[in-house]
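Undergrad: Just so we're aligned: the sequence shown equals residues 92 to 547 in the numbering used here. A virtual CB, placed ideally from N, CA and C, is assigned to each residue, including glycine.
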Amino acid sequence: MKLRTLQTKITFWAGICLLGTVAMIIAYSAIVMEDRAGLNRKEAIEQAEKHAGAMAKLHASHVKAEFDVAIETAHVLSRVLTGVKDEQMGLELSRDEVSSILRTILAESQSFIGVYTCWEPNAFDGLDKEYQNEAGHDKTGRFILYWSKDKQGNFFLESLKGYDKEGVGNEYLLAKKTKNECIMDPRLRPLQGQARLVISLVVPIMVNNTFYGIVGIDLQPDVLQKMADDVVGIDLQPDVLQKMADDVNDLYHGKAKIIVISHNGTLAAVSHQPELAGKPLTVLHEEDLQEDLELIRSGKEAIQVMGKYLEVFMPLEIGQTATPWSVNILVLREKITETIDHQMLQDIRVRWRMIGIGLLCTVIGLGLLLFVARRVTRPIRGIIQSLGESAERVAEASDQVASVSHQVSGGASDQASFIGETTSSLEEMAAMIRQNADNAGQANQFMEEVSKVVGK
92 MKLRTLQTKI TFWAGICLLG TVAMIIAYSA IVMEDRAGLN RKEAIEQAEK
142 HAGAMAKLHA SHVKAEFDVA IETAHVLSRV LTGVKDEQMG LELSRDEVSS
192 ILRTILAESQ SFIGVYTCWE PNAFDGLDKE YQNEAGHDKT GRFILYWSKD
242 KQGNFFLESL KGYDKEGVGN EYLLAKKTKN ECIMDPRLRP LQGQARLVIS
292 LVVPIMVNNT FYGIVGIDLQ PDVLQKMADD VVGIDLQPDV LQKMADDVND
342 LYHGKAKIIV ISHNGTLAAV SHQPELAGKP LTVLHEEDLQ EDLELIRSGK
392 EAIQVMGKYL EVFMPLEIGQ TATPWSVNIL VLREKITETI DHQMLQDIRV
442 RWRMIGIGLL CTVIGLGLLL FVARRVTRPI RGIIQSLGES AERVAEASDQ
492 VASVSHQVSG GASDQASFIG ETTSSLEEMA AMIRQNADNA GQANQFMEEV
542 SKVVGK
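1. Using 10 angstroms around the beta-carbon of G307, count the other beta-carbons present and answer buried if the total reaches 16, otherwise exposed.
2. Have a look at I192, P415, L421 and T269 and flag the residue whose alpha-carbon is nearest the alpha-carbon of K155.
3. Can the beta-carbon of V298 be found closer than 7 Å to that of E262?
4. According to DSSP, simplified to helix, strand and coil, what is M115?
5. Mind checking who P371 pairs with in its DSSP beta bridge?
6. For the beta strand (DSSP E) that contains D219, what are its first and last residues?
7. Does the segment 214 to 233 come close enough to the segment 276 to 288 to have 3 or more Cβ pairs within less than 8 Å?
8. Under three-state DSSP, which class holds I101?
9. Answer yes or no: do F246 and K252 have a C-beta to C-beta separation smaller than 7 Å?
10. Given that a residue counts as buried once 16 or more other Cβ atoms are within 10 Å of its Cβ, and exposed if not, what is T102?
11. Take the Cβ of K100 as the centre, count every other Cβ of all protein chains shown within 10 Å, and call the residue buried at 16 or more, exposed below.
12. Can you tell me whether F158 is buried or exposed, with buried defined as 16 or more other CB within 10 angstroms of its CB?
13. Using CA atoms only, rank isn't needed, just tell me which of S250, F203 and T208 is closest to Q223.
14. Hey, A347 and I420: beta-carbon distance below 7 Å or not?
15. In the DSSP assignment, find the alpha helix (DSSP H) that holds A266 and state where it starts and stops.
16. If you run the structure through DSSP and keep just helix, strand and coil, what is N419?
17. Is L193 close to chain B, meaning its C-beta is less than 7 Å from at least one C-beta of that chain?
18. Can you name, in chain order, every residue of its own chain whose Cβ lies under 8 Å from the Cβ of S120, other than the five neighbours on each side?
19. If I204 sits next to Q311, beta carbons under 8 Å apart, how far is it from one beta carbon to the other, in whole angstroms?
20. Nearest to K141 by CA position, among L461, E183, D255 and Q395, is which residue?
21. Quick one: is T373 buried, meaning 16 or more other Cβ sit within 10 Å of its Cβ, or exposed?
22. Measuring CB atoms only, is the segment 101 to 117 touching the segment 446 to 464, in the sense that at least three cross pairs come out at less than 8 Å?
23. Just the C-alpha distance for T288 and S202, rounded to the nearest angstrom, thanks.
24. Distance check for H150 and W238, CA to CA, integer angstroms please.
25. Roughly how many angstroms lie between the CA atoms of A114 and V361, to the nearest whole one?
26. Taking the alpha carbon of G304 as the reference point, which residue from L264, Q285 and I274 has its own alpha carbon closest?
27. Leaving aside the five residues before and after L182 along the sequence, list all residues of the same chain whose C-beta is less than 8 Å from its C-beta, in chain order.
28. Is T412 closer than 7 Å to I274 when the C-beta atoms are compared?
29. If distances are taken between C-alpha atoms only, which option among H363, E378, E377 and I352 comes closest to G369?
30. Per DSSP, what kind of secondary structure is A121 in: helix, strand or coil?
31. Give me the residue from R127, S200, R466 and I136 with the minimum Cα distance to L401.
32. In three-state DSSP terms, what is I409?
33. By Cβ distance, which residues of its chain are closer than 6 Å to L168, with the 5 residues on each side in sequence left out?
34. Can you tell me whether M397 is helix, strand or coil according to DSSP?
35. Applying the 10 Å Cβ sphere with the 16-neighbour rule, what's the burial state of S417?
36. Are the CB atoms of V422 and A165 within a distance shorter than 7 Å?
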């Protein structure tokens, strides 16, 4: 039993040491791998922020380039029409000539869906009454031509609608009030008998700080790529922006989203989701809407991690407009850390493999320890066995000695009894002898007394 305890103790404590060593090695490796994974994840997010920021700047520059073409065209057209009212320039143009210029501009640009001009009453030539209800005019006769084209390239001349209606979205009244170029949020405009989504870029016609009218260009926002807020009243065709917005195959394997957002939070383009154009920002940014709107309206650049997305906001400053737009890039965090997460899964598998190998080594080690413990305790077993046999012989001798001692002690007891009895008898005899001596003394005394009596 003691041998088993010794062998068990050797195996147990050595096994504990072995298991502890294996556990520490595995734990250390796991901590190192975890730290490495965390560091790699952090670096991946930092690199993604830089990459997404660079991509946002690139796409913003592309969108701005499209807007710049439109707004520069509007500026040129505005300067030309300003010559009509500028006495120093003394430019003379008829309404038909201006109409031809507008149509030519529209024909030469594939990005524009509409080109128009709208003047104050009698401000162009003072002939509004003569043009009442004429082509490109309404019952007021004001100079409000609107040239548009359909997807087949057919051209249509209409009068501008809703220019005199108060409210948000009236680019004419806005330009008149601010006397500055402006970009309008995506909105529906009635064209060719149907409502079409457009983005309007408007430039006022000003001479000596006097407002005479506007020129505008309409772009049709077709999903994905943000448009900027500047330009003069020309309507850009959003198909170009859509192509730019859809061109995200190089950004996280096409898993990122590029969104063009207007100053007031209206979607102008969304990657591969043209149906969202004209919808409010809430369809994509519901939780942090106010914060995002503040970023857009402030014209600030921002790169942040919000929830499951990495968000990049890159301001879009267009011309002299005071309403910046923004190019927004959304990247799923899981896409950013996809490689790292895959590596972490590999590390977890390696970790479990290490645990399995560690346990296997522990079992093998325990087996070897048990074998060694047996080898170590084998000589001890022989010694203990010899000691056991010696103990048995000593025990037998002890039993024999005890038996003899018992017998000897028994004989000694008998002898002691006999001696006691003899001593007692001798004592009795001595007592009798003393008594007889006394009696003899008394007899001698008596005889002496008798002799004395007889002698007399």
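TA: Let's see:
1. Flag for G307 reads buried.
2. For K155, the nearest C-alpha among the options comes from P415.
3. Cβ atoms of V298 and E262: not closer than 7 Å.
4. DSSP places M115 in helix when its eight states are reduced to three.
5. Answer is T357, bridged to P371.
6. D219: not part of any beta strand (DSSP E); DSSP gives it neither H nor E.
7. Output reads no: the segment 276 to 288 does not touch the segment 214 to 233.
8. When secondary structure is reduced to three states using DSSP, I101 falls in the helix class.
9. Contact flag unset, no.
10. So T102 counts as buried.
11. Counting Cβ neighbours within 10 Å, K100 comes out exposed, since fewer than 16 surround it.
12. By the C-beta density criterion, F158 is buried, having at least 16 other C-beta atoms within 10 angstroms.
13. Residue S250 is the option with its Cα nearest to Q223.
14. In terms of Cβ geometry, A347 and I420 form a close pair [threshold 7 Å].
15. First-last of the alpha helix (DSSP H) with A266: E262 to T269.
16. In the structure shown, N419 sits in a strand (DSSP, three-state: E or B).
17. This model lacks chain B altogether, as it is built from one protein chain only.
18. R442 and M445, listed in sequence order.
19. The beta-carbon separation of I204 and Q311, rounded to 4 Å, stays under the 8 Å limit for a contact.
20. Ranking L461, E183, D255 and Q395 by CA distance to the CA of K141 puts Q395 first.
21. Under this definition T373 is an exposed residue.
22. As far as the Cβ criterion goes, the segment 101 to 117 touches the segment 446 to 464, which means the pair count is three or higher.
23. Looking at the sequence provided, one finds Leu at residue 288 rather than Thr. Approximately 14 Å, taken between the alpha carbons.
24. Taken atom to atom, the span from the alpha-carbon of W238 to that of H150 is near 29 Å.
25. Going from the Cα of A114 to the Cα of V361 covers about 52 Å.
26. It is L264.
27. Counting only Cβ-Cβ distances below 8 Å, and skipping sequence neighbours, we find V171, G174 and V175.
28. At the C-beta level, I274 and T412 come within 7 Å of one another.
29. Nearest neighbour of G369 by Cα position, chosen from H363, E378, E377 and I352, turns out to be I352.
30. Helix, per DSSP.
31. Closest in C-alpha terms to L401, from the list R127, S200, R466 and I136, comes I136.
32. Reduced to three states, the DSSP call for I409 is coil.
33. Only V306 meet the Cβ criterion.
34. It is a strand residue.
35. A residue is called buried once 16 or more other Cβ atoms fall within 10 Å of its Cβ, and S417 is buried on that count.
36. It is not a contact, given that the beta carbons lie outside the stated cut-off.
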